[in-house]
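Visitor:
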Amino acid sequence: MYVSIFNEIVQIMHEDYAGCLDKRGQDQPETYRKRILDLEESGINDQLFIDIVKDYLLDFQDRHIHFGKEGIAASKLSAGFQVRRFRESLVVTRCDTEDRLVPGDEIIALDDVDVLELVHRHKRQLMETEAERENWESILTLYTTATIKNTNGKVHSLQLKKVPKQPIPPIYSCNKVANDLALMVLTDFMDENAISKLVSENKQTLTSVENLVIDVRINNGGSDLAFLKLLPYLFEGEKINLSDFDDGQMLTNCTERNVDLRVELLEIAMGRIKDEETIKQINELITELKRKRGAGFVELNFGTKEESFVLPTKKGPEKIIILTDVYCGSSGDSFVEICQHSSKVTVVGRPTLGLNDYANLAIKKLENKFELWYPTSKLSKVDDGKGMTGIGIQPDVYIPWSPAHLQEDLDMKKALEIIYATN
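The numbering of the sequence shown is the working numbering, which starts it at 37 and goes up by one.
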């Protein structure tokens with residue numbers, strides 16, 4: 037069973053994955069197939085199979101690819117805390133279920149292996165060249181013991197836990213924090229109804245306040261449709277023509293499998309959405325996908341009327357600061373990239389994750405127990421060497437991350453300096 041599932045995954049990555057042409061020859065399926073065959077004789081289970089497939093998928097170096105048990109998000113494991121590398125240590129930035137640590141504690145080794153050696157060992161998993169962009173969440177769960185230097189400088193050993201990752205409730209908020217300033221926080225773009233409601237309920241604030249800070253430093257993506265109703269308040273002029281911001285084409289790999297899987301996901305999403313205009317746009321996309329089924333890499337031409345890409349602007353804040361970080365990706369990338377075209381917007385913080393070279397995920401269920409999530413579309417600018425992978429959307433004002441961020445919100449401090457700067 038495991039070999040046949042693996043063979044189907046390889047076929048998907050070679051034929052249906054949006055990077056199948058760009059990354060041809062980059063993977064080594066024979067090596068992993070042999071490991072699975074050998075283990076089927078000596079003993080293999082679901083988790084060991086998942087580990088092998090994940091290792092294989094690292095060959096593609098694409099953070100938009102995921103594999104695991106059905107309901108991937110719910111089955112992830114965590115050490116119960118989050119870290120960020122600063123120089124030669126992993127600094128604890130947040131404690132979820134782990135109560136033996138506090139933010140500011142440092143991990144200087146895992147299973148007696150120092151951090152810089154760990155960086156070298158896990159280069160494929162980290163997929164980054166800058167310390168502040170590295171994601172250590174899955175790596176922490178591979179080790180049993182951490183050497184901790186606490187905030188008082190004392191060093192001790194800690195047995196690490198493996199716990200189910202706790203889902204963090206999304207935040208969609210907009211609060212007036214001063215007479216001339218509002219703060220909006222958007223931790224994802226997954227709930228189009230909730231975000232549309234937020235914009236509608238805060239219309240008076242958005243049209244009257246002089247300054248707005250939008251915090252998307254943590255934004256887990258979702259759908260670009262979710263932020264369309266916010267954009268009119270963020271731009272100058274009479275209208276926004278979204279097609280003006282296109283930097284090349286988006287090519288969708290319209291294999292029969294991809295079209296069927298994406299249509300299924302879109303129909304599920306449409307059942308949750310209340311906005312009629314959004315439902316209309318999704319229906320147009322479904323129709324176009326079905327029309328191009330089996331055509332391979334093509335540009336989709338749904339919503340051919342120019343008006344589909346034009347949004348009339350609304351009276352909005354004069355100065356807008358968008359706070360960004362590497363934990364902002366996918367539709368978060370898109371939001372920041374679009375907003376940078378507004379003369380009213382200044383982006384402050386660190387580059388976003390940069391997931392959108394390959395996007396628009398399909399989900400393939402395998403044997404009713406596993407799921408493979410993979411991108412089905414690519415941006416043509418990747419072919420010109422202008423992709424965002426490993427780079428992200430660059431801020432206008434870059435603020436390197438350091439442990440000082442745990443004591444003071446340096447990004448917000450800079451945002452307020454820009455807002456209240458005198459000419």
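The beta-carbon is built from N, C-alpha and C at its ideal position, and this holds for glycine as well. Source: prediction; values computed, not measured.
Since residue 336 and residue 288 should fall inside the 8 Å C-beta cutoff, what is the C-beta to C-beta distance between them, to a whole number of angstroms?
Guide: Taking the first residue of the sequence shown as position 1, residue 336 is located at position 300. Taking the first residue of the sequence shown as position 1, residue 288 is located at position 252. Going by Cβ atoms, the distance from residue 336 to residue 288 rounds to 5 Å, so yes, they are a contact pair.
Visitor: Excluding the 5 residues preceding and the 5 following residue 22 in the sequence, name in chain order all residues of the same chain whose CB lies nearer than 6 Å to its CB.
Guide: Absent from the structure is residue 22, since the part of the chain shown begins at 37 and ends at 459.
Visitor: Please work out which residues of its chain come closer than 7 Å, Cβ to Cβ, to residue 414, disregarding the five sequence neighbours upstream and downstream, and give them in chain order.
Guide: For the purposes of this step, residue 414 is identified with residue 378 of the sequence shown, where counting begins at 1. If we look at residue 414 and ignore the five residues flanking it on each side, its Cβ neighbours are 54, 55, 287, 393, 394.
Visitor: Under the three-state reduction of DSSP, which class applies to residue 311: helix, strand or coil?
Guide: Position 275 of the sequence shown, counted from the start, is the residue given in the question as residue 311. Coil at residue 311, not helix or strand.
Visitor: If I measure Cβ to Cβ from residue 249 and keep anything under 6 Å in the same chain, skipping five residues before and after, which residues do I get?
Guide: Along the sequence shown, one-based indexing puts residue 249 at 213. Around residue 249: 219, 357, 451.
Visitor: Cα-Cα, which of 170, 96, 360 is closest to residue 445?
Guide: As a first step, residue 445 is located in the sequence shown; it is residue number 409 there, counting from the start. That would be 360, whose Cα lies nearest to the Cα of residue 445.
Visitor: Going by the CB atoms, is the gap between residue 231 and residue 242 shorter than 8 Å?
Guide: Working through the sequence shown from its first residue, we reach residue 242 at position 206. Working through the sequence shown from its first residue, we reach residue 231 at position 195. Not a contact, by the Cβ cut-off of 8 Å.
Visitor: When the distance is taken between beta carbons, is residue 255 closer than 8 Å to residue 455?
Guide: Reading the sequence shown from its first residue, position 419 is the one you call residue 455. Reading the sequence shown from its first residue, position 219 is the one you call residue 255. Taking 8 Å as the Cβ cut-off, residue 455 and residue 255 do not qualify as a contacting pair.
Visitor: When we look at the beta-carbon of residue 363 and count the other beta-carbons within 10 Å, is it buried (16 or more) or exposed?
Guide: Residue 363 sits at position 327 when you count from the first residue of the sequence shown. Answer is buried; the Cβ neighbour count reaches 16.
Visitor: For residue 281, which three-state DSSP category applies?
Guide: Counting from one through the sequence shown, the residue named residue 281 turns up at place 245. The answer is helix: DSSP assigns residue 281 an H, G or I state.
Visitor: In three-state terms, what does DSSP make of residue 342?
Guide: Within the sequence shown, the letter at position 306 stands for residue 342. Residue confidence is low: residue 342 scores 45 on pLDDT, short of 50, so the model does not pin down where it sits. Its coordinate-derived value is still stated next. Note: residue 342 maps to helix in three-state DSSP.
Visitor: What does the alpha-carbon distance come out to for the pair residue 147 and residue 130?
Guide: Counting from one through the sequence shown, the residue named residue 147 turns up at place 111. Counting from one through the sequence shown, the residue named residue 130 turns up at place 94. So the two alpha carbons sit approximately 21 Å from each other.
Visitor: Could you give the distance in angstroms between the alpha-carbon of residue 388 and the alpha-carbon of residue 77?
Guide: As a working mapping, residue 388 is identified with position 352 in the sequence shown. As a working mapping, residue 77 is identified with position 41 in the sequence shown. Each residue's alpha carbon lies about 45 Å from the other.
Visitor: Does the beta carbon of residue 374 sit closer than 8 Å to a beta carbon anywhere in chain D?
Guide: Chain labels in this structure do not include chain D; a single protein chain is all it has.
Visitor: Go to residue 240, then tell me how far its beta strand (DSSP E) extends in each direction, as first and last residue.
Guide: As a position in the sequence shown, residue 240 is number 204, starting the count at 1. Here residue 240 belongs to no beta strand (DSSP E); instead the alpha helix (DSSP H) covers 239–244.
Visitor: Leaving aside the five residues before and after residue 293 along the sequence, list all residues of the same chain whose C-beta is less than 6 Å from its C-beta, in chain order.
Guide: Sequence index remark: in the sequence shown, residue 293 carries index 257 (1-based). Answer for residue 293: 52, listed in chain order.
Visitor: Can you tell me which of the three DSSP states residue 317 falls into?
Guide: Within the sequence shown, numbered from 1, the residue matching residue 317 stands at position 281. Helix.
Visitor: In this structure, does DSSP put residue 406 in helix, strand or coil?
Guide: By 1-based counting over the sequence shown, the position of residue 406 is 370. In this structure, DSSP gives residue 406 an extended state, which the three-state scheme calls strand.
Visitor: Find the nearest neighbour of residue 350 within the set 237, 265, 217, judged by alpha-carbon distance.
Guide: In the sequence shown, counting from the first residue as 1, residue 350 sits at position 314. Closest by alpha carbon: 265.
Visitor: Just the Cα atoms here: how many angstroms apart are residue 74 and residue 155?
Guide: If you number the sequence shown from 1, residue 74 lands on position 38. If you number the sequence shown from 1, residue 155 lands on position 119. About 30 Å.
Visitor: Can you name the start and end residues of the beta strand (DSSP E) that residue 441 belongs to?
Guide: Against the sequence shown, residue 441 aligns to sequence position 405. Where residue 441 is concerned, there is no enclosing beta strand (DSSP E), given that its DSSP letter is neither H nor E.
Visitor: Measure from the alpha carbon of residue 320 to the alpha carbon of each residue in 303, 308, 348, 331, then state which is nearest.
Guide: In the sequence shown, the residue the question calls residue 320 occupies position 284. The residue with the shortest Cα to Cα distance from residue 320 is 303.
Visitor: Less than 8 Å separating the beta-carbons of residue 58 and residue 49?
Guide: Your numbering for residue 58 matches position 22 in the sequence shown. Your numbering for residue 49 matches position 13 in the sequence shown. Cβ atoms of residue 58 and residue 49: not closer than 8 Å.
Visitor: Which residue or residues does DSSP assign as beta-bridge partners of residue 181?
Guide: Here residue 181 refers to the residue found at position 145 of the sequence shown. 195.
Visitor: I need the boundaries of the alpha helix (DSSP H) containing residue 368, first residue and last residue.
Guide: Working through the sequence shown from its first residue, we reach residue 368 at position 332. Start and end: 367–375.
Visitor: Exposed or buried, what is residue 434 when buried is set at 16 or more other beta-carbons lying within 10 Å of its beta-carbon?
Guide: Position 398 of the sequence shown, counted from the start, is the residue given in the question as residue 434. So residue 434 counts as exposed.
Visitor: Relative to the C-alpha of residue 348, which residue among 427, 194, 167, 271 is closest?
Guide: Within the sequence shown, numbered from 1, the residue matching residue 348 stands at position 312. With distances taken between CA atoms, residue 348 lies nearest to 271 out of 427, 194, 167, 271.
Visitor: Can residue 281 and residue 374 be called in contact, C-beta distance under 8 Å?
Guide: Here residue 281 is taken as the residue at index 245 of the sequence shown, counted from 1. Here residue 374 is taken as the residue at index 338 of the sequence shown, counted from 1. In contact: residue 281 and residue 374 (Cβ atoms closer than 8 Å).
Visitor: Would the segment 94–104 and the segment 395–413 be scored as touching if the rule is three or more Cβ pairs under 8 Å?
Guide: The segment 94–104, when compared against the segment 395–413, does touch it at the 8 Å Cβ threshold.
Visitor: Under the three-state reduction of DSSP, which class applies to residue 118: helix, strand or coil?
Guide: Translated into positions along the sequence shown, residue 118 becomes position 82. Residue state, collapsed to three classes: strand.
Visitor: Candidates 310, 239, 440: which alpha carbon is nearest residue 211's?
Guide: Position 175 of the sequence shown, counting from 1, holds the residue named residue 211. Measuring from the Cα of residue 211, the nearest candidate turns out to be 239.
Visitor: Pick out whichever of 97, 260, 43, 233 has its Cα sitting closest to the Cα of residue 368.
Guide: On the sequence shown, position 332 is the one that residue 368 refers to. Closest by alpha carbon: 260.
Visitor: In this structure, how does DSSP classify residue 294 when only helix, strand and coil are distinguished?
Guide: For the purposes of this step, residue 294 is taken as residue 258 along the sequence shown, with counting starting at 1. Residue 294 falls in the helix class under three-state DSSP.
Visitor: Which residues does DSSP pair with residue 457 in a beta bridge?
Guide: Within the sequence shown, residue 457 is the residue found at index 421, counting from 1. Answer by DSSP bridge pairing: none, since residue 457 is not bridged.
Visitor: Taking the DSSP output, what are the residues bridged to residue 60?
Guide: By 1-based counting over the sequence shown, the position of residue 60 is 24. In the DSSP output, where bridge partners are listed per residue, residue 60 has none listed.
Visitor: Using a threshold of 8 Å, state whether the C-beta atoms of residue 381 and residue 275 are closer than that.
Guide: Translated into the one-based positions of the sequence shown, residue 381 becomes position 345. Translated into the one-based positions of the sequence shown, residue 275 becomes position 239. Taking 8 Å as the cut-off, the beta carbon of residue 381 is found no closer than this to the beta carbon of residue 275.
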